[in-house]
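Notes for the one structure printed next.
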Amino acid sequence: MIASSILWKEATDRDLVATANTGVEGSFEELVRRYQRPISAYVYRMVGDYEAALDLTQEIFIKVYGSLARYRSEFKFSTWIYKIAHNSAVDHLRRNAGRERSLSNGVEGDQYELPIESSSLSPEQESERKERRLEIESVVRSLPNAYRELIVLRHSQDLTYEEIVEVTGLPLGTVKNRLFRAREMMRQQFIGRGITSM
Amino acid sequence: MLMDNVNHRCQPEEIAAYLDGELDASLAADFERHLLECRMCTVELKTQQRFIVELDASLSLTPDLPVPSNFAQIVTAYAESDMRRVRKGDERKRALRFCLVLAIVSFALLGAAAIRTVLFSGRTLAHQALGIFGLLWTTLYDAAVGLTVISRVISGGLVPESPFAGLAALLLALCVVLLSLLISSYHRHHEMRLSE
């Protein structure tokens, strides 16, 4: 059992997909284990609700399992799973358009303060960084969906423009333009809040 | 020419793409040459760079959203038990074969004691179905016979029995069609004249 879990850890995403498709036990579970944190974090940043983010993450993995046979290995698995996550998050936001308004106004009820993995900063630096991060998170939440998704994919999930194009299905020019506009919008908001150091 | 070049390069979206490392090598080199002679772009580049660094530093840290420790196991169990998403034809066939075998085994287990009850209820059901079918058939047959008799009586009264009866009926039908066409064309002309 331990030996097989070590083997799974060494396998690439593509290998795991291939073995999951042939019905080998444990391979899909390893895929879930690999992506549960980034996907849940991405979904949380998109929908701004902890409970909804967990439910959606579960739904996304069930969808992934159902579509594994359709996955084509010439694409990166991470891009493919983000595409499914993105579509699910967008559908969720569309279904809950009323809630989305409250998300934009920053009065969402079930928000969760995301703890960040520990770093080697001093307590003062840590507190300053935390404050700045909370400001940024709040400004990201206030962005319209079309801009928020690009900011999250680019800066939180570290996707390239090309990968963002694949995930969102938007043309490259639109991605480039919207990312710039989203950053500009954020910058203006910081200036509006009296933060000019960014 | 130089001015055109400068205007083209002074796109803030291009500066953002450069900072994101999304310009290909030759475009990036062009842009770096342009930066040496454009103060406006240099200022914009620094402003955007500061902001992007700040965004990356804050958003790229992996947030530790608490996920239940057995999340992967639960999700896998849900996914694998979701029969709506049986993914392969082979799996479907296997499931069907399994169901058939189960059905046969359960019938066999019913045993000889229950077979009389099963056969009796089957026979009763078949009798009832046959009765309903017979009633429907008789009703339809009687209706068809009645309609035939009525149509014969009507046609016998209208068209006298002669070798030219069929031809006469055809001519009559033609006359009716022509008359209706004439009436409709008359009305159309009349309306056109009124509209003029």
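Residue numbers (the working numbering), protein chains in the order written: chain W, 1 to 198; chain X, 199 to 394.
The beta carbon of each residue, even a glycine, is placed where N, CA and C say it ideally should be.
For clarity, every value in this text was computed on a predicted model and none was experimentally measured.
### Message
Please list the terminal residues of the continuous alpha helix (DSSP H) segment that includes L54/W.
### Response
As a position in the first sequence, residue 54/W is number 54, starting the count at 1. Boundaries of the alpha helix (DSSP H) around L54/W: 50 to 67.
### Message
At the 8 Å Cβ level, is L294/X part of the contact set with chain W, yes or no?
### Response
Position 96 of the second sequence, counted from the start, is the residue given in the question as residue 294/X. Judged by the 8 Å Cβ criterion, L294/X is not in contact with chain W.
### Message
Looking only at its chain, what residues have a beta carbon closer than 8 Å to the beta carbon of E100/W, apart from the 5 residues adjacent to it on each side?
### Response
Stepping through the first sequence from its first residue, residue 100/W is reached at position 100. Bear in mind that the predicted position of E100/W carries a pLDDT of just 49, short of 50, making it unreliable; the figure below should be weighed with that in mind. Once the five neighbours on either side are set aside, the close Cβ partners of E100/W are L93, N145.
### Message
Just checking: is the beta-carbon of E230/X within a distance shorter than 8 Å of some beta-carbon in chain W?
### Response
As a first step, residue 230/X must be located in the second sequence, where it is residue number 32. For E230/X, the answer is no, since every Cβ of chain W falls outside 8 Å of its Cβ.
### Task
Would you decide whether L298/X is buried or exposed? Buried here means 16 or more other CB atoms lie within 10 Å of its CB.
Position 100 of the second sequence, counted from the start, is the residue given in the question as residue 298/X. By the 16-neighbour rule on beta-carbons within 10 angstroms, L298/X is exposed.
#### Entry: Backbone secondary structure at G354/X - three-state DSSP
Numbered from 1 along the second sequence, position 156 holds the residue referred to as residue 354/X. It is helical.
### Query
Taking Cβ positions only, does L214/X come closer than 8 Å to chain W?
Here residue 214/X refers to the residue found at position 16 when the second sequence is read from its first residue. For the record, residue 214/X in the displayed sequence is Ala; it is not Leu. It does; some Cβ of chain W falls within 8 Å.
### Message
When you compare the segment 73 to 88 of chain W with the segment 149 to 159 of chain W, are there three or more beta-carbon pairs, one atom per stretch, that lie closer than 8 Å?
### Response
Per the Cβ contact rule, the segment 73 to 88 of chain W is in contact with the segment 149 to 159 of chain W (3 or more Cβ pairs under 8 Å).
#### Entry: For K162/W, the nearest candidate out of V90/W, S27/W, F75/W, L54/W (CA to CA)
The sequence position of residue 162/W within the first sequence is 162, counting from 1. According to the sequence shown, residue 162/W is Glu rather than Lys. Out of V90/W, S27/W, F75/W, L54/W, F75/W has the C-alpha closest to the C-alpha of E162/W.
### Query
What is the rounded straight-line gap between the Cα of I81/W and the Cα of Y42/W?
As a first step, residue 81/W must be located in the first sequence, where it is residue number 81. As a first step, residue 42/W must be located in the first sequence, where it is residue number 42. Rounded to the nearest angstrom, the two C-alpha atoms are 11 Å apart.
### Query
Between the segment 222 to 246 of chain X and chain W, which residues of the former have a C-beta closer than 9 Å to a C-beta of the latter?
If you check each beta-carbon in the segment 222 to 246 of chain X against every beta-carbon of chain W, the ones closer than 9 Å belong to T245, Q246.
### Length of the line joining the Cα atoms of S258/X and E235/X
Residue numbering aside, residue 258/X sits at position 60 when the second sequence is read from its first letter. Residue numbering aside, residue 235/X sits at position 37 when the second sequence is read from its first letter. When rounded, the distance between both Cα atoms is 34 Å.
### Query
For I272/X, which residues from the same chain have a beta carbon less than 8 Å from its beta carbon, with the 5 sequence-adjacent residues on both sides left out?
For the purposes of this step, residue 272/X is identified with residue 74 of the second sequence, where counting begins at 1. Same-chain partners within the cutoff: P266.
### Query
Between the C-alpha atoms of F61/W and P38/W, what's the straight-line distance to the nearest angstrom?
The residue you call residue 61/W lines up with position 61 of the first sequence. The residue you call residue 38/W lines up with position 38 of the first sequence. Going by C-alpha positions, F61/W is about 12 Å away from P38/W.
### Query
Does any residue of chain W bring its CB to less than 8 Å from the CB of S279/X?
Here the question's residue 279/X lines up with position 81 in the second sequence. By this cut-off, S279/X is not an interface position.
### Query
In whole angstroms, what is the alpha-carbon distance linking V175/W and L143/W?
Numbered from its first residue, the first sequence carries residue 175/W at position 175. Numbered from its first residue, the first sequence carries residue 143/W at position 143. Taking the straight line joining both Cα atoms gives about 15 Å.
#### Entry: Inter-residue spacing [alpha-carbon to alpha-carbon] between L31/W and S224/X
Within the first sequence, residue 31/W is the residue found at index 31, counting from 1. Within the second sequence, residue 224/X is the residue found at index 26, counting from 1. Their backbone Cα atoms lie some 39 Å apart in a straight line.
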